[in-house]
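What follows is a single structure, written as structure tokens, with notes after it.
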Amino acid sequence: MITLLRPLRFFFCALLSLPPLCQELAAQGRPQLSNLQKDLMEYVGNGVAVPACGVCFEAAGRYAERKKAAALAEKTRGMSLVKAGVYWIGAEPGKGQADEFPRHAVRLDAFYIDNREATMGEYQAFVKETGAHHPEWSKPGGKFNIETGREKYYRRLESFIKNCRPCPVFGVLWEDAAAYCLAKKKRLPTEAEWEAAAADGKAYKFGFGESDSDYGKYGWYEENSGGVPHPVGAKTPGRYGLYDMHGNVWEWTSDFYERGYYARAEQSNPKGPAAGKEHVIRGGSWDSGSDAGAVTNRGSYDKANDDIGFRCVLPASETEQGAAAGD
14 MITLLRPLRF FFCALLSLPP LCQELAAQGR PQLSNLQKDL MEYVGNGVAV PACGVCFEAA
74 GRYAERKKAA ALAEKTRGMS LVKAGVYWIG AEPGKGQADE FPRHAVRLDA FYIDNREATM
134 GEYQAFVKET GAHHPEWSKP GGKFNIETGR EKYYRRLESF IKNCRPCPVF GVLWEDAAAY
194 CLAKKKRLPT EAEWEAAAAD GKAYKFGFGE SDSDYGKYGW YEENSGGVPH PVGAKTPGRY
254 GLYDMHGNVW EWTSDFYERG YYARAEQSNP KGPAAGKEHV IRGGSWDSGS DAGAVTNRGS
314 YDKANDDIGF RCVLPASETE QGAAAGD
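14 is the number of the first residue of the sequence shown in our numbering; add one for each residue after it.
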């Protein structure tokens, strides 16, 4: 019985469409294979086995595909896929601000992006788990702590901080946002990834069109927010199924900000300047006008603020590797 168990691993290796790996392992002699077992491996890997063995191999193949699909669905729960392709970044001539030029094409690998901004409840759970990365408004001994701090900056939003778990988290440094995404086995989006997702495959000022007349349908901004953030996902999503890409809170990206960066940006998967003082923020907020929420608008900041939050992305290549491994 023991001698039969060893080649079973190689059987399933072949069933999962990895016969070259099986043959390599067999050639390396790990485990040592008898002539009978080697013949068995050759049979499984030569393409004859499936039609010969019939429904058992077909069923095993379907099971493997279902398992892979389930792993992929779990890894990308609450995320939307932005397909690989060429995307236009920056404003068209005669539109936008000086740092939005020149408009240029970049090639991006496929990635998944969170449908919603990270929430108060999600971030507070992260802080509890790690014992670190406190927002400014809850940092022990911090001057902005809403309970003990001498600065009252966040106290006007105290009720939202304490009671609105579905509201977007704010008051987090770029480093803390990056740490949150890393803990989720994700990362912050690059500036180009964020813009490609926000544009919804269109060439308009906003993902929903050229005019801001419908802005209130898609986002919270100074005209309709009442001076406060709102629960994520309450407005209409874009074509990719993404909520609040316009307004509610600005969103950190991974890129350092440089005014003239677009003139020398990489053509494939640009990651921004190698160094800088501030990071790019995108999307506008509950406290800004509609122009701030334009797809191509570039903001920047170097501190936490009451209207800056974030969402995370996951490269599709990492997702496929994880799904194939059944992570």
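The beta carbon of each residue, even a glycine, is placed where N, CA and C say it ideally should be.
Whole-angstrom distance between residue j and residue i, CA atom to CA atom
i           : j           : result
residue 112 : residue 318 : 22 Å
residue 151 : residue 184 : 9 Å
residue 393 : residue 118 : Since the displayed the chain opens at 14 and closes at 340, residue 393 lies outside it and no answer follows.
residue 312 : residue 162 : 28 Å
residue 238 : residue 225 : 15 Å
residue 242 : residue 274 : 31 Å
residue 34  : residue 123 : Per-residue confidence for residue 34 stands at a pLDDT of 47, beneath the threshold of 50, marking its modelled position as unreliable; the derived number appears in the next sentence. C-alpha separation (whole angstroms): 27 Å.
residue 87  : residue 134 : 20 Å
residue 167 : residue 145 : 19 Å
residue 101 : residue 142 : 40 Å
residue 174 : residue 149 : 11 Å
residue 121 : residue 280 : 9 Å
residue 236 : residue 165 : 25 Å
residue 189 : residue 247 : 25 Å
residue 137 : residue 107 : 43 Å
residue 103 : residue 116 : 4 Å
residue 109 : residue 220 : 15 Å
residue 332 : residue 91  : 14 Å
Classification of residue i by the beta-carbon crowding that lies within 10 angstroms, buried from 16 upward
i           : result
residue 195 : exposed
residue 13  : Residue 13 lies beyond the stretch modelled for the chain, which goes from 14 to 340, so this question has no answer here.
residue 156 : exposed
residue 129 : buried
residue 98  : exposed
residue 240 : exposed
residue 322 : buried
residue 307 : buried
residue 172 : exposed
residue 217 : exposed
residue 159 : buried
residue 283 : buried
Unbroken beta strand (DSSP E) run spanning residue i, endpoints
i           : result
residue 95  : 92 to 95
residue 149 : Here residue 149 belongs to no beta strand (DSSP E), and DSSP marks it neither H nor E.
residue 265 : 263 to 269
residue 121 : 117 to 121
residue 140 : It is not in any beta strand (DSSP E) - residue 140 instead sits in the alpha helix (DSSP H) that spans 133 to 143.
residue 127 : 124 to 127
residue 344 : Look at the range of the chain in this structure, 14 to 340, and you will see that residue 344 is not part of it.
residue 246 : No beta strand (DSSP E) contains residue 246, which DSSP labels as neither H nor E.
The alpha helix (DSSP H) enclosing residue i, as first and last residue numbers
i           : result
residue 221 : No alpha helix (DSSP H) holds residue 221; DSSP gives it neither H nor E.
residue 174 : 171 to 176
Contacts around residue i, its chain only, beta-carbon distance under 7 Å, and the 5 residues preceding and following it disregarded
i           : result
residue 253 : 93, 95, 210, 213
residue 271 : 286, 289
residue 244 : 177, 179, 180
residue 170 : 241, 319
residue 114 : 103, 104, 275
Cβ-Cβ separation, residue j to residue i (assumed contact under 8 Å), whole Å
i           : j           : result
residue 181 : residue 132 : 6 Å
residue 297 : residue 234 : 6 Å
Cβ shell of residue i (< 8 Å), same chain only, five flanking positions each side left out
i           : result
residue 295 : 204, 207, 208, 211, 263, 264, 266, 310, 311, 312
residue 325 : 126, 127, 131, 193, 194, 197, 199, 200, 201, 202
residue 329 : 94, 97, 122, 123, 124, 125
Spatial neighbours of residue i in its chain, beta-carbon cut-off 6 Å, leaving aside the 5 residues before and after
i           : result
residue 186 : 317
residue 302 : 235
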